[in-house]
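Student: At the far end of the sequence shown sits residue 515, using our numbering, and the numbering has no gaps.
Yeah, the Cβ is synthetic: ideal placement off N, Cα and C, and Gly gets one too.
Have a look at the structure that comes next, please.
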Amino acid sequence: MRSLIIGGAGFVGSYLVRHLITLGHEAAVTKMPTEEADLAGAAIYDLDILDKEAVVVLLDKVKPDLVFHLAAQSSVSMSWRNPQQTIDVNVRGSTNVLDALCSMGKKARILLVGSGEEYGQLLPEEIPVRETNLLRPANIYAATKACQNMIGRIYAKAYGMDIVMVRAFNHIGPNQSPIFAIADFCRQAVLIEAGMEEPILRVGNLEARRDFTDVRDVVRAYALLAEQGQAGETYNIGSGHAVSIADVLRIVLEQSTAMIRVEVDEKKLRPVDVPVMEANVCKVWNDIGWKSEIRLEQTIGDMMEYWRKMINSSS
Ligand code: A2R
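This is the structure we're talking about:
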């Protein structure tokens, strides 16, 4: 099985590539020309998905059986700061990938990675949210991923393309960028432990409730869906349980060896924050038998260890 992972040098991509290699896939990975990639066993190619011609050339060269499309501007906060770039990469870039696949002689299966953010504001009776729920995206990132999903469905129907779509809820794990809240908490806690920061951990909205899954569970779902998911269908990927950011912070503080005070930083508050996101994960369980397995405490513990290693090795 030859798999192409577009955006494979990112946080999720790096885990996915390693997982696919252990499953025996022949892995080809694309990264941005500016990115570093340390992915032993994979063939690595530079690709900017905004360059449509380059996407066509690459697909023709790799001739994959499976394509995992992960390349994206993946940050909600960045999407507020740079909506144009988010729309370009997540909508125009994804359409370039679909167009190139559509024109490729060989029929490949594609997994399009979307987000639980697509649902946006949920009514109490809609929680946990099912795949058929109305989409009310509440930020630019969410709107672009909803758009990608709609275009994916249209291409699957109109051109008979073999497309499986996912809406991944928040995923976390070692090696995640600290532009994301939980990685930021772990990094701040470890800097405080190391005596490199004053003992104040700065946070944004602690009330929001999110559905967190370990990235290692997420990539297991992607590999299974690519194999067994139904074409033209969308699957929620999450734990099925929302927890408040305050509860996650509590786990971080419990796992830290330092005495830490928490302060709200106005700059970390977002213009619009959806109060609750929780996935209904019955469809993915019924269709492919996947559910998340790694406990939140374990994930946070591994993230703390990751930051201890990073910070100790740089000091
Ligand atoms: O922005 P960079 O240099 O970190 O590169 C990111 C890459 N990327 C692109 N690749 C090709 N052409 C572009 N125009 C382009 N713009 C960005 O996509 C990065 O290597 C990758 C996305 O990885 P992360 O930002 O680490 O996201 P993560 O958490 O791995 O999420 C994977 C997927 C995304 O579609 C998210 O929206 C979704 O899962 O949650």
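Under 7 Å from any heavy atom of the ligand A2R, does the C-beta of A458 make it?
Tutor: Counted from its first residue, the sequence shown places residue 458 at position 258. No; taking the cut-off as 7 Å, the Cβ of A458 has no heavy atom of the ligand A2R nearer than that.
Student: Just how far apart, CA to CA, sit E236 and A209?
Tutor: In the sequence shown, the residue the question calls residue 236 occupies position 36. In the sequence shown, the residue the question calls residue 209 occupies position 9. C-alpha separation (whole angstroms): 7 Å.
Student: What would DSSP say about T332, mapped onto helix, strand or coil?
Tutor: Position 132 of the sequence shown, counted from the first residue, corresponds to residue 332. Coil at T332, not helix or strand.
Student: Quick check: the region 383-395 against the region 309-328, are there 3 or more CB pairs under 8 Å?
Tutor: no
Student: For A356, collect the residues of the same chain with a Cβ closer than 8 Å to its Cβ; drop the 5 residues on either side in sequence, then sort them by chain order.
Tutor: Here residue 356 corresponds to residue number 156 of the sequence shown, with the count starting at 1. These residues qualify, in order along the chain: D362, I363, A431, G432.
Student: Pull up the distance between the alpha-carbon of V291 and that of T457, whole angstroms please.
Tutor: Mapped onto the sequence shown, residue 291 falls at position 91. Mapped onto the sequence shown, residue 457 falls at position 257. Distance between the alpha carbons of V291 and T457: 44 Å.
Student: Near K345, what residues of its chain come up, given a Cβ to Cβ distance below 7 Å and the 5 sequence neighbours on each side ignored?
Tutor: Start at 1 with the first residue of the sequence shown, and residue 345 comes out as number 145. Take K345, set aside five residues on each side of it, and the residues of its chain with a beta-carbon closer than 7 Å to its own are N290, G314, S315, E317, E318, in chain order.
Student: Kindly say whether V255, judged by its beta-carbon, lies nearer than 8 Å to any beta-carbon of chain C.
Tutor: No chain C appears in the structure shown, which is made up of a single protein chain.
Student: Less than 8 Å between C-beta atoms, sequence neighbours within five positions excluded: which residues of the same chain meet that for S303?
Tutor: Translated into the one-based positions of the sequence shown, residue 303 becomes position 103. Only V256 meet the Cβ criterion.
Student: Using 8 Å as the threshold, is the region 399-419 in touch with the region 433-451, meaning 3 or more CB pairs across them?
Tutor: Verdict: yes, contact present.
Student: What do you get for P374, buried or exposed, if any count of 16 or more other CB atoms within 10 angstroms of its CB means buried?
Tutor: Counting from 1 along the sequence shown, the entry for residue 374 is found at position 174. Burial call: buried.
Student: So V366 packs on L425, CB below 8 Å; how close in whole Å?
Tutor: Translated into the one-based positions of the sequence shown, residue 366 becomes position 166. Translated into the one-based positions of the sequence shown, residue 425 becomes position 225. The pair is a contact, with the Cβ atoms about 6 Å apart (cut-off 8 Å).
Student: Alpha carbon to alpha carbon, how far is T499 from A272?
Tutor: As a first step, residue 499 must be located in the sequence shown, where it is residue number 299. As a first step, residue 272 must be located in the sequence shown, where it is residue number 72. Roughly 24 Å between the two C-alpha positions.
Student: Please classify K252: does DSSP put it in a helix, a strand, or coil?
Tutor: Translated into positions along the sequence shown, residue 252 becomes position 52. DSSP places K252 in helix when its eight states are reduced to three.
Student: Does the region 277-287 come within contact of the region 216-229, defined as at least 3 CB pairs closer than 8 Å?
Tutor: no
Student: Indicate the three-state DSSP secondary structure (helix, strand or coil) for I363 in the structure shown.
Tutor: In the sequence shown, counting from the first residue as 1, residue 363 sits at position 163. If DSSP states are grouped into helix, strand and coil, I363 belongs with the strands.
Student: Just mark D465 as buried or exposed, buried being the case when its beta carbon has 16 or more other beta carbons within 10 Å.
Tutor: Counted from its first residue, the sequence shown places residue 465 at position 265. Exposed, since its Cβ has fewer than 16 Cβ neighbours within 10 Å.
Student: What's the gap between the Cα of A358 and the Cα of V419?
Tutor: For the purposes of this step, residue 358 is identified with residue 158 of the sequence shown, where counting begins at 1. For the purposes of this step, residue 419 is identified with residue 219 of the sequence shown, where counting begins at 1. Approximately 29 Å, taken between the alpha carbons.
Student: Quick one: using the 10 Å Cβ neighbour count with 16 as the cut-off for buried, is I354 buried or exposed?
Tutor: By 1-based counting over the sequence shown, the position of residue 354 is 154. That one is exposed.
Student: According to DSSP, is R309 helix, strand or coil?
Tutor: Position 109 of the sequence shown holds residue 309. Note: R309 maps to strand in three-state DSSP.
Student: Would you decide whether P328 is buried or exposed? Buried here means 16 or more other CB atoms lie within 10 Å of its CB.
Tutor: As a working note, residue 328 is residue 128 in the sequence shown. That one is buried.
Student: Taking the beta carbon of Q388 as the centre, do at least 16 other beta carbons fall within 10 Å, making it buried, or is it exposed?
Tutor: Taking the sequence shown and counting its residues from 1, the one referred to as residue 388 is at position 188. The residue in question, Q388, is buried, as its Cβ has 16 or more Cβ neighbours within 10 Å.
Student: What residue range is occupied by the uninterrupted beta strand (DSSP E) comprising Y245?
Tutor: Counting from one through the sequence shown, the residue named residue 245 turns up at place 45. 243-246 is the extent of the beta strand (DSSP E) around Y245.
Student: Kindly examine the ligand NAD and report whether one of its heavy atoms sits closer than 7 Å to the Cβ of M477.
Tutor: The ligand NAD is not among the ligands present in this structure, which contains only the ligand A2R.
Student: Can you tell me the Cα-Cα spacing of K509 and V212, whole angstroms?
Tutor: As a first step, residue 509 must be located in the sequence shown, where it is residue number 309. As a first step, residue 212 must be located in the sequence shown, where it is residue number 12. Whole-angstrom Cα-Cα distance: 20 Å.
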